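S.K.: One line per chain: the protein sequences are Y and S, in this order.
Going by my numbering, the first residue of the first sequence is number 4, and it counts up by one from there.
Going by my numbering, the first residue of the second sequence is number 324, and it counts up by one from there.
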Amino acid sequence: MNKGHKMILREHFGIKAKSDQYVIALAGNPNVGKSTVFNALTGLRQHTGNWPGKTVDNAQGSFSFKDTDFLMIDLPGTYSILTNTVEEEIARDFICFAVPDVTVVVLDATSLERNLNIALQVMEITSKVIVCVNLLDEAKKNKITLNLPGLEKELGVPVVGTSARQGIGLDKLKEMLYLAVKEQVIFRPRQLHYSPEVEEAIAQILPKIEQLGLSDYLHPRWLALRLLDNDEMLLRKVSAYLTANSDDDIYREVSMAL
Amino acid sequence: MSITTEKDFLQELNKEAETIRLSYVTKLGDRIIADIYKNAEQISKNVILNDTNKKNWTLKLDNYLTSKIFGYPFMLLVLGIILWITISGANLPSDMLATALFSLQEILSRGFLDLGAPAWLHGILVFGVFHSVAWVVSVMLPPMAIFFPLFTLLEDLGYLPRVAFNLDNLFKKAKTCGKQSLTMCMGFGCNAAGVVACRIIDSPRERLIAVLTNNFVPCNGRFPILIAIGTIFGVGALTGQLQALAVAGIITGVILIGVFVTFAVSWILSRSILKGEASSMVLELPPYRRPKIASVVYRSIIDRTIFVLKRAVSVAAPAGAIIWIVANTYIGEISILNHLAGWLNPFAQAIGMDGYILLAFILGLPANEIVFPILIMSYISSGTMIELESLAELRLLFIDHGWTWLTAVNVMLFTLLHWPCGTTLLTTHKETGSKKWTLAAFIIPTTVAFTVCFILTQTVRLLGLG
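Given below as structure tokens:
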């Protein structure tokens, strides 16, 4: 996907990134210190408002690291991105259609199992995921020990441990973001194991989805899963965004406005 | 691909997905979610090197408290115990308060006579205002002061989310959102608060259903009526703790009927005028916590008990005055109150009550708290008995006016099921922003209440039991 194109899609979400800024999405469950991470990274350079047409808060902030500029978007805290609620829909649509350069998923180290669900779901949409295991201080207090290198191996994406309240690990996170946007990190997100009946259903519908020719843009396997989960809205949205893509006139209009 | 063929293609794709979806017995969506969770479980098992016992303790307890076998019985047990403590604990202070307040009434009464105040002023202020306020305080204060702290204690322990978890399955069957159980819990305190709490439900359809059915949970304005009548009529023969236990059983049963009606009405609504599928919810079960006793007492006594009592008294005082005037203004030989009651009597008899009871419910529209005082006032002003000092005398008063066990059951059912109070209706209007749905919030419970009482009464009479 070319750069101008990405900008049109992001514009739709009220994101005005400068052309040299990398867009970073911040996802995760509620109460995992996501906002602490966001505030620690962006400081006072924040802009808050609402998501276009929604009553959900939206915060974006910028920061620089090693002469590279980042624009970070704090997505609503959600338990999943299966679009049961407005918040989940916003988070899902942003990751799916605004195509952030990297998505950081913040997890609560004290309840990893529940938190991993959203990380796995995000990793099905986009490969470019960095997992930030936060609240390590809390975990230590509760005598929970995590094997973070092991987690990295399991997930196939970079894992950074932080205690954002103490400011611990945030430099590592910035470094990882820098390496990721400079394409010095290899993302090999874990393919989820589904039960045979689901795999069988995926196999049935996958050829047709591949005919859509969207493989560079949406993972066909994920699209298949969403279709099998009866997510009709998604197809309508894909259709709308496709139209926006292929329609040269709209493209030109928006580019001129920029 | 051009735009039109793209759209056709997407439509075709959608159809094919549906065909595949329907060819499986299990819902693929549920399967997919379960599989994602299984992956997460597997990964965290490999990555977490040690786990704390504390967490396992919560987990072990949850295995019982939210299990398919023990979940429901435990919920019932907890509800029963809370009601039992409330009832057996409230009896004594209730009687003491009544005795104290009514001897104060005598002093007041004598004071008025000594000052040579006109009879009508004496009547309005002492028999009207003071009498109803005394009733509201002595009947409502003790149960509330016991029930609210206990309920807040449950909240603090972290049990309420487990209740929501247990009931989720039933709500799914009624095609509504599991969060409805949380709004019902709020309704125990106050239905208006319960209606506001429905904001937590995201789907507009499910939110409306939760708003329309919230009234079937008895709020604290109606609880005392249930407890008083349950105590007076439920188990006259039994004494002491055994009686309290039996009354707790009766009230638990009444609440269960309310919950059942909630499910039934939700079930019907989501298959008729509010058609649709249940959405899923994510519920975080927090670890069990040791409750902070001081904050529980403060929150429940100051925030709830005093607040509710204030509201009740501020409605009961003017209502008492009005009722006294209505009961003592005569048109011809009969007072206005008796005229109204007489006019309502045929309807009321059909549902096993009398005109005074129905009138009390109608006049109690501003707040359910005053239904009972109004009823007692109208009985007293039309009968001979003036002084009421205990529940036993109240029982005599009711029996004098022709109450049977059937009347008591009907009054309890009507209390549980009838229209919402004025505040709740106003809140419903504010929340839904629609006159139509506010009207529905009035008509649905009213219809249910009349239908249930009518069928029960006619059946009992037909069988010759009443």
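Where is the CB? At the ideal position from N, CA and C, for every residue including glycine.
Computed from a prediction, not measured in an experiment: that's the story for all the values here.
(1) Let's test the definition: count the other Cβ atoms within 10 Å of the Cβ of S:His454 and tell me whether it reaches 16, buried, or not, exposed.
(2) For my contact list, Y:Ala167 and Y:Gly64 are in at a C-beta cut-off of 8 Å; report their separation, rounded to the angstrom.
(3) Any beta carbon from chain Y within less than 8 Å of S:Ser432's own beta carbon?
(4) Quick one, which residues of the segment 13-33 of chain Y are near chain S if we go by CB-CB under 7 Å, in chain order?
(5) Let me know if S:Thr782 comes out buried or exposed under the rule of 16 or more other beta-carbons within 10 Å of its beta-carbon.
(6) Measure the alpha-carbon distance for S:Tyr337 versus Y:Leu230 and round it to whole angstroms.
(7) Specify the secondary structure class of S:Thr707 as computed by DSSP and reduced to three states.
(8) For the candidate residues S:Val619, S:Val605 and S:Thr751, whose alpha-carbon lies nearest to that of S:Glu478?
(9) With a threshold of 6 Å on Cβ separation, who are the neighbours of Y:Tyr25 within its own chain once the five nearest residues in sequence on each side are excluded?
(10) At the level of alpha carbons, what is the spacing between S:Leu493 and S:Pro641?
(11) Determine the burial state of S:Met805: buried for a count of at least 16 other Cβ atoms within 10 Å of its Cβ, exposed for fewer.
(12) Per DSSP, which one or two residues make a beta bridge with Y:Phe73?
(13) State the Cα-Cα distance for the pair S:Pro610 and S:Thr381, rounded to the nearest angstrom.
(14) Could one say the Cβ of S:Asn337 lies closer than 8 Å to chain Y's Cβ atoms, at least one of them?
(15) From Y:Ile84 to Y:Pro152, what does the alpha carbon distance come to, in whole angstroms?
(16) Determine the DSSP secondary structure at Y:Gly164, reduced to helix, strand or coil.
(17) Are S:Glu529 and S:Thr499 touching if we call contact CB-CB under 8 Å?
(18) Rounded to a whole number of angstroms, what is the C-alpha to C-alpha distance between S:Ile366 and S:Trp407?
(19) Quick one: is Y:Leu1 near chain S, going by C-beta distance under 8 Å?
(20) Under 8 Å by Cβ, that's how I've got S:Thr761 and S:Thr746 pegged, so tell me the actual separation to the nearest angstrom.
(21) Give a yes or no on whether the minimum CB-CB distance between S:Arg344 and chain Y is below 8 Å.
(22) Nearest-angstrom Cα distance between S:Thr790 and S:Val518?
(23) Keeping to the same chain, check which residues put their C-beta closer than 6 Å to that of S:Gly451; ignore five residues upstream and five downstream.
(24) Helix, strand or coil for S:Cys744, going by three-state DSSP, please let me know.
(25) Give me the Cα-Cα distance between S:Phe583 and S:Ile550, rounded to the nearest whole angstrom.
(26) Could you check what DSSP says for S:Ser589 in three-state terms: helix, strand or coil?
(27) Tell me the residue span of the beta strand (DSSP E) that contains Y:Asp111.
(28) So, is the C-beta of S:Asn661 closer than 8 Å to a C-beta in chain Y?
(29) Need the endpoints of the beta strand (DSSP E) that Y:Thr51 sits in, please.
(30) Buried or exposed for S:Glu286, please, with buried defined as at least 16 other CB atoms from any protein chain shown within 10 angstroms of its CB.
(31) Would you call S:Arg784 buried or exposed, if buried means 16 or more other Cβ atoms sit within 10 Å of its Cβ?
(32) Can you look up Y:Val40 in the DSSP assignment and give me helix, strand or coil?
(33) With DSSP as the reference, label S:Val783 as helix, strand or coil.
(34) For S:Thr475, name the three-state secondary structure that DSSP assigns.
(35) What does the alpha-carbon distance come out to for the pair Y:Lys144 and Y:Leu119?
(36) Tell me, please, which residues DSSP counts as bridged to Y:Leu149.
M.R.: Straight from the coordinates:
(1) Position 131 of the second sequence, counted from the start, is the residue given in the question as residue 454 of chain S. Buried is the call here.
(2) As a first step, residue 167 of chain Y must be located in the first sequence, where it is residue number 164. As a first step, residue 64 of chain Y must be located in the first sequence, where it is residue number 61. Here Y:Ala167 is actually not in contact with Y:Gly64; their C-beta atoms are around 14 Å apart, not less than 8 Å.
(3) Working through the second sequence from its first residue, we reach residue 432 of chain S at position 109. Cβ-Cβ to chain Y under 8 Å: no for S:Ser432.
(4) Cβ contacts with chain S: none found.
(5) Here the question's residue 782 of chain S lines up with position 459 in the second sequence. Exposed is the label assigned to S:Thr782, since fewer than 16 other Cβ atoms lie within 10 Å of its Cβ.
(6) For this step, residue 337 of chain S is matched to residue 14 along the second sequence. For this step, residue 230 of chain Y is matched to residue 227 along the first sequence. Position check: residue 337 of chain S holds Asn in this sequence, whereas Tyr was assumed. When rounded, the distance between both Cα atoms is 7 Å.
(7) In the second sequence, the residue the question calls residue 707 of chain S occupies position 384. Residue placement at S:Thr707 cannot be trusted, given a pLDDT of 42 that sits under 50; what the coordinates show is reported in the next sentence. If DSSP states are grouped into helix, strand and coil, S:Thr707 belongs with coil.
(8) As a first step, residue 478 of chain S must be located in the second sequence, where it is residue number 155. Closest by alpha carbon: S:Val619.
(9) What you label residue 25 of chain Y is simply residue 22 of the first sequence in a count that begins at 1. The answer, listed in chain order, is Phe73, Asp104 and Val184.
(10) The residue you call residue 493 of chain S lines up with position 170 of the second sequence. The residue you call residue 641 of chain S lines up with position 318 of the second sequence. Looking at the backbone, the Cα of S:Leu493 and that of S:Pro641 are separated by about 43 Å.
(11) Nothing in the structure corresponds to residue 805 of chain S, since chain S is present only between 324 and 789.
(12) Residue mapping note: residue 73 of chain Y aligns to position 70 of the first sequence, counting from 1. BP columns for Y:Phe73 point to Y:Tyr25 and Y:Phe66.
(13) Taking the second sequence and counting its residues from 1, the one referred to as residue 610 of chain S is at position 287. Taking the second sequence and counting its residues from 1, the one referred to as residue 381 of chain S is at position 58. Going from the Cα of S:Pro610 to the Cα of S:Thr381 covers about 6 Å.
(14) Translated into positions along the second sequence, residue 337 of chain S becomes position 14. Judged by the 8 Å Cβ criterion, S:Asn337 is in contact with chain Y.
(15) Along the first sequence, one-based indexing puts residue 84 of chain Y at 81. Along the first sequence, one-based indexing puts residue 152 of chain Y at 149. In a straight line, the C-alpha of Y:Ile84 is about 26 Å away from that of Y:Pro152.
(16) Along the first sequence, one-based indexing puts residue 164 of chain Y at 161. Of the three classes helix, strand and coil, the one that applies to Y:Gly164 here is strand, per DSSP.
(17) For the purposes of this step, residue 529 of chain S is identified with residue 206 of the second sequence, where counting begins at 1. For the purposes of this step, residue 499 of chain S is identified with residue 176 of the second sequence, where counting begins at 1. Contact annotation: S:Glu529 and S:Thr499 have beta-carbon atoms nearer than 8 Å.
(18) Counting from one through the second sequence, the residue named residue 366 of chain S turns up at place 43. Counting from one through the second sequence, the residue named residue 407 of chain S turns up at place 84. A direct Cα-Cα distance of roughly 47 Å separates S:Ile366 from S:Trp407.
(19) Residue 1 of chain Y lies beyond the range of chain Y shown here (4 to 261); nothing can be said about it.
(20) The sequence position of residue 761 of chain S within the second sequence is 438, counting from 1. The sequence position of residue 746 of chain S within the second sequence is 423, counting from 1. Their Cβ separation, rounded to whole angstroms, is 13 Å, which puts S:Thr761 and S:Thr746 out of contact at 8 Å.
(21) Mapped onto the second sequence, residue 344 of chain S falls at position 21. With 8 Å as the cut-off, S:Arg344 counts as an interface residue toward chain Y.
(22) This structure does not reach residue 790 of chain S, given that chain S is present from 324 up to 789, and the question cannot be answered.
(23) The residue labelled residue 451 of chain S in the question sits at position 128 within the second sequence. Within the same chain, S:Gly451 has close Cβ partners Gly643, Ala644 and Trp647.
(24) As a working mapping, residue 744 of chain S is identified with position 421 in the second sequence. Here S:Cys744 sits in coil by DSSP.
(25) Indexing the second sequence from 1 puts residue 583 of chain S at position 260. Indexing the second sequence from 1 puts residue 550 of chain S at position 227. About 20 Å.
(26) Numbered from 1 along the second sequence, position 266 holds the residue referred to as residue 589 of chain S. In the three-state reduction of the DSSP assignment, S:Ser589 falls in the helix class.
(27) Numbered from its first residue, the first sequence carries residue 111 of chain Y at position 108. From DSSP, the beta strand (DSSP E) with Y:Asp111 extends over Val105 to Asp111.
(28) Counted from its first residue, the second sequence places residue 661 of chain S at position 338. It does not; no Cβ of chain Y falls within 8 Å.
(29) Numbered from its first residue, the first sequence carries residue 51 of chain Y at position 48. Gln49 to Asn53 is the span of the beta strand (DSSP E), which, as asked, contains Y:Thr51.
(30) Past the boundaries of the shown model lies residue 286 of chain S; chain S is included only from 324 to 789, so the question cannot be answered.
(31) Walking along the second sequence from the start, residue 784 of chain S turns up at place 461. Using a 10 angstroms sphere on the CB of S:Arg784, the tally of other CB atoms stays under 16, which defines it as exposed.
(32) Sequence index remark: in the first sequence, residue 40 of chain Y carries index 37 (1-based). DSSP places Y:Val40 in helix when its eight states are reduced to three.
(33) As a first step, residue 783 of chain S must be located in the second sequence, where it is residue number 460. If DSSP states are grouped into helix, strand and coil, S:Val783 belongs with the helices.
(34) Within the second sequence, numbered from 1, the residue matching residue 475 of chain S stands at position 152. Note: S:Thr475 maps to helix in three-state DSSP.
(35) Numbered from its first residue, the first sequence carries residue 144 of chain Y at position 141. Numbered from its first residue, the first sequence carries residue 119 of chain Y at position 116. Distance between the alpha carbons of Y:Lys144 and Y:Leu119: 21 Å.
(36) As a working mapping, residue 149 of chain Y is identified with position 146 in the first sequence. Answer is S:Ile371.
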